[in-house]
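**Student:**
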Amino acid sequence: MTPAPIDQKLRGELRALLGPKVRFEEPMRSHTSFHIGGPAQIWAEPANPQVLLSLLGLARQNGLPVTPVGGGANLLVADDGIPGLVIHPAGPGFQGLTRTESGLRVGAGVSIEKLIRATLREGLAGVEFLAGVPGKMGGAIRMNAGTHDEEGVVRSISDAADAITTVGAEGRTQTLSNREADFRYRSSGLAGQIVTEAHLSLSPDDPSAIEGRVKALWALKRRTQDWTAPSAGCIFKNPAPGAPAAGWMIDRAGLKGFRVGGAMVSPIHANFMINCGNASARDVFALIDEAAGRVEKMFQVRLELEVQVLPRDGGSHDSLA
Ligand SMILES: Cc1cc2nc3c(=O)[nH]c(=O)nc-3n(C[C@H](O)[C@H](O)[C@H](O)COP(=O)(O)OP(=O)(O)OC[C@H]3O[C@@H](n4cnc5c(N)ncnc54)[C@H](O)[C@@H]3O)c2cc1C
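Counting in this note's numbering, the final residue of the sequence shown is number 758, and the numbers go up one at a time with none missing.
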């Protein structure tokens, strides 16, 4: 569906609120690690939570759908792009990183890399397992990002996040407890909310011990994941603990190196799909359908997407609608 055009009045209001931090028809391939995606109808970078609230007010008055985007490291954006307002909360008011009695308060726009550096500087342990996970705090909270720690135990940011501040489309700011955020495996109950900051509960530890763990995990990631080409990380969630991993099943289905157009199942990690240079979202959707279909036939397992498809209805790709 073609989105309604943005009229001059709304363009003026957006420019008055955001100055140069609003752009129209902004190519999403510049904002995703996959380097894939059509244009965001409106790309907005609010400076702080107050500007975000005004922006959401404009969205409500004009009936615009709202989509938050962080580092774009877990996104597959449709070739037709994203209608409405795409909000990137990464301005100065979302960059806070402050020490508290029990850990760190972290703004939604802080990169995971910067967070890890802060934990080393402050000697605070508890999120080392996030080392090497690309993206920003808001996206990591929404996705409940995580990985296996150095002992092979599955760890997620929800192990440390004890307060999450969000703004809803209706403009209500609230701070949720860990339980209220309804964290699940690579997911949370925060869809429809924009995370503005979160508090992480961390324990004091020797910075060199933390650094040792960070380096080991980072090296493990470099060895086992595919860092050779643009991707969005794992395409599918792993099925329930104890069941074979999604990548293992895709590999067994003979798909490592399988290609559709410019998209390929990574020859290194079969749950990664990579952009060989000119992939379209349509190519990736076709590869997803192929992998999911073959795995279901061979293992009777229905794989579920981990990658977030935007817009949420999959754009013009019917099978994800
Ligand atoms: C090479 C590679 C390796 C990866 N390895 C891992 C890994 O080991 N473990 C792991 O968990 N992930 C991994 N990922 C995926 C990705 O890094 C994580 O999901 C990360 O948390 C995404 O953060 P982001 O800021 O990029 O979110 P985005 O990709 O921008 O967005 C992801 C989702 O969060 C929503 N969102 C973004 N910002 C906000 C906000 N402020 N408020 C509310 N919702 C928001 C978006 O609408 C979307 O639904 C990997 C990705 C790559 C490319």
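Every residue, glycine too, gets a C-beta built ideally from N, C-alpha and C.
Kindly list the residues whose CB is nearer than 7 Å to the CB of Ala441, restricted to its own chain and excluding five residues on each side of it in sequence; keep chain order.
**Tutor:** Contacts found: none.
**Student:** Can you give the Cα-Cα distance for Ile443 and Leu489, rounded to whole angstroms?
**Tutor:** The alpha-carbon atoms of Ile443 and Leu489 are separated by roughly 19 Å.
**Student:** Return helix, strand or coil for Val604, following the three-state DSSP convention.
**Tutor:** In this structure, Val604 counts as strand in the three-state DSSP scheme.
**Student:** At a threshold of 7 Å, does Leu493 count as lining ligand 1 (C-beta to nearest heavy atom)?
**Tutor:** Outside the cutoff, so no.
**Student:** What's the C-alpha gap between Phe593 and Pro520?
**Tutor:** Looking at the sequence shown, residue 593 is not Phe but Ser. If you take the alpha carbons of Ser593 and Pro520, they lie about 31 Å apart.
**Student:** Give a single yes or no on whether Leu627 has its beta carbon closer than 7 Å to a heavy atom of ligand 1.
**Tutor:** Leu627: yes, Cβ under 7 Å from ligand 1.
**Student:** Which same chain residues, not among the five before or five after Val459, have their C-beta less than 8 Å away from its C-beta?
**Tutor:** Contacts found: Leu451, Arg452, Ile479, Trp480, Ala481, Glu482.
**Student:** Note down the Cα distance separating His472 from Glu462, rounded to an integer number of angstroms.
**Tutor:** One C-alpha to the other measures close to 16 Å.
**Student:** Assign Ala656 to one of three DSSP states: helix, strand, or coil.
**Tutor:** Helix, per DSSP.
**Student:** In this structure, does DSSP put Leu492 in helix, strand or coil?
**Tutor:** Looking at Leu492 - three-state DSSP - the assignment turns out to be helix.
**Student:** Going along the chain, which residues of its own chain have a beta-carbon closer than 7 Å to the beta-carbon of Val732, five neighbours each way excluded?
**Tutor:** Here the set comprises Met686, Ile687, Ala690, Val738, Leu740.
**Student:** Look at the alpha carbon of Gly530 and the alpha carbon of Asn708, and state the distance between them as a whole number of angstroms.
**Tutor:** Cα to Cα, Gly530 sits roughly 36 Å from Asn708.
**Student:** Tell me which residue opens and which closes the alpha helix (DSSP H) that Glu727 is part of.
**Tutor:** Start and end: 718 to 736.
**Student:** Between the alpha carbons of Ser640 and Leu495, how many angstroms are there, rounded?
**Tutor:** Whole-angstrom Cα-Cα distance: 42 Å.
**Student:** In this structure, does DSSP put Asn712 in helix, strand or coil?
**Tutor:** Asn712: strand per DSSP, three-state reduction.
**Student:** Using a 10 Å radius around the Cβ and a threshold of 16 neighbouring Cβ atoms, would you call Met580 buried or exposed?
**Tutor:** So Met580 counts as buried.
**Student:** First and last residue of the beta strand (DSSP E) that includes Ile519?
**Tutor:** That run of the beta strand (DSSP E) goes 519 to 524.
**Student:** What span of residues does the beta strand (DSSP E) with Met701 cover, start to end?
**Tutor:** Start and end: 700 to 702.
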